[in-house]
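Q: Below are the structure tokens for one structure; questions will follow.
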Amino acid sequence: MKNLMVLFLILSTLVAVLATEQVSTTSTHPGTMSAVWHRTSGEYVALCHQAYNLATTVLAEKVKKINPKNSNKRPAIVLDIDETVLDNFNYIIEFMASGQKFSVSSWKKWVAKRSTPALAGAKDFLQFADKLNVEIFYISNRADDEVNDTFENLRSLSIPVKKENLLFKSNSSSKDSRRIQVEKNHEILLFVGDNLIDFSSKFDLQSVKQRVNIVNEIRAEFGAKFIIIPNSMYGDWESAIYKYDSKLSTKEKEHLLLRALTN
Ligand SMILES: [Mg+2]
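In the numbering used here, the protein residues as written are 56 to 318.
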């Protein structure tokens, strides 16, 4: 309760400050607090390092245990891209500040710049995996026509990447068929993502409650096979609240967000 009161005070102060500075579009955006946290907090950077430090330790142990006689499959890791390897918060904050919503055209312009920075810890981990001779796959719901720009972006950051290992969305948002494709010739040692659907199709289109239930059921996998990066700005945690209905108005969404707090 004390924490809630503090949060209320912070939110009131933030709205008042932003109103005084006449940044009205930012002050009313429901993602303001999340954006501030992602953009400014050492805690977020620490969580990214924590995730990638753990990924490094787990991967090193798993590679050590590989016995080539037991499997003819090559070891591999699978990572999501957005808010897992590449940090798009500047883009998100840009469209929030301008009072606009996400649009495919503004997103494509952002991707085409090929200058998205890497998340803290991502490059070191990926270079480490590459040195261990582990195959790196990126399963992302970026569009197929964004492969070239993404490839050049990652390469400019010295992040190991092969164009043929960029498995982007062609028809389904579910990543299952692409995971199965990788598993044909590879043993996936580790998954890294910021959304539960990056790990298993068990989470695809599940309700808010079911998502939490499944996480509890498979809790042993987190930190062992699944490494999750925090993303409080967007993701299926939010889409689940809207029951995956992308046509809802802002008002309807706000209503469902508030209702989710009391359920
Ligand atoms: Mg992502």
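We put the CB at the ideal spot given by N, CA and C, even for glycine. Only a predicted model underlies this, so the values are computations on that prediction, with no experimental measurement involved.
Do the CB positions of Lys-308 and Tyr-297 come within less than 8 Å of each other?
A: Here residue 308 refers to the residue found at position 253 when the sequence shown is read from its first residue. Here residue 297 refers to the residue found at position 242 when the sequence shown is read from its first residue. A contact, by the Cβ cut-off of 8 Å.
Q: Give me, in chain order, the residues of the same chain whose beta-carbon lies closer than 7 Å to that of Tyr-299; leave out the 5 immediate sequence neighbours on both sides.
A: Reading the sequence shown from its first residue, position 244 is the one you call residue 299. Closer than 7 Å at Cβ, skipping near neighbours: Leu-260.
Q: Taking the alpha-carbon positions, what's the Asp-142 to Arg-169 distance?
A: As a working note, residue 142 is residue 87 in the sequence shown. As a working note, residue 169 is residue 114 in the sequence shown. One C-alpha to the other measures close to 12 Å.
Q: Among Ile-214, Gly-290, Glu-238, which residue has its Cα nearest to the Cα of Gly-248?
A: Numbered from 1 along the sequence shown, position 193 holds the residue referred to as residue 248. Of the candidates Ile-214, Gly-290, Glu-238, the one whose C-alpha sits nearest the C-alpha of Gly-248 is Gly-290.
Q: Does the separation of the CB atoms of Leu-244 and Ile-132 fall below 8 Å?
A: Position 189 of the sequence shown, counting from 1, holds the residue named residue 244. Position 77 of the sequence shown, counting from 1, holds the residue named residue 132. A contact, by the Cβ cut-off of 8 Å.
Q: His-241 and Ala-175: beta carbons closer than 8 Å?
A: Translated into the one-based positions of the sequence shown, residue 241 becomes position 186. Translated into the one-based positions of the sequence shown, residue 175 becomes position 120. No, Cβ-Cβ distance for His-241 and Ala-175 is not below 8 Å.
Q: Enumerate in chain order the residues of its own chain whose CB-to-CB distance from Ala-315 is below 6 Å, with the five nearest sequence positions on each side excluded.
A: The count along the sequence shown starts at 1 and reaches residue 315 at position 260. Closer than 6 Å at Cβ, skipping near neighbours: Ile-296.
Q: Hey, how far is the Cα of Ser-158 from the Cα of Asp-185?
A: The residue given as residue 158 occupies position 103 in the sequence shown. The residue given as residue 185 occupies position 130 in the sequence shown. Going from the Cα of Ser-158 to the Cα of Asp-185 covers about 35 Å.
Q: Need the endpoints of the alpha helix (DSSP H) that Leu-134 sits in, please.
A: On the sequence shown, residue 134 is found 79 positions in, with the first residue counted as 1. Where Leu-134 is concerned, there is no enclosing alpha helix (DSSP H), although the beta strand (DSSP E) it sits in stretches over 129–134.
Q: Nearest CA to the CA of Lys-302: which residue from Ser-227, Ser-213, Lys-156, Asp-137?
A: Within the sequence shown, numbered from 1, the residue matching residue 302 stands at position 247. Ranking Ser-227, Ser-213, Lys-156, Asp-137 by Cα distance to Lys-302 puts Lys-156 first.
Q: If contacts are defined as beta-carbon pairs under 8 Å, then Gly-278 and Leu-109 qualify, I think. What distance do you get, rounded to the angstrom?
A: Counted from its first residue, the sequence shown places residue 278 at position 223. Counted from its first residue, the sequence shown places residue 109 at position 54. The Cβ separation is near 6 Å, so the contact holds.
Q: By a C-beta neighbour count over all protein chains shown, 10 Å radius and 16 as the cutoff for buried, is Lys-195 buried or exposed?
A: To locate residue 195, count along the sequence shown from 1; it is residue 140. Reading off the sequence shown, one finds Ser at residue 195, where the question assumed Lys. Burial call: buried.
Q: Taking only three categories from DSSP, how would you classify Asp-137?
A: As a first step, residue 137 must be located in the sequence shown, where it is residue number 82. Three-state result, Asp-137: strand.
Q: Tell me which residue opens and which closes the alpha helix (DSSP H) that Ser-161 is part of.
A: Taking the first residue of the sequence shown as 1, we reach residue 161 at position 106. Taken as a continuous stretch (DSSP letters only), the alpha helix (DSSP H) holding Ser-161 covers 159–167.
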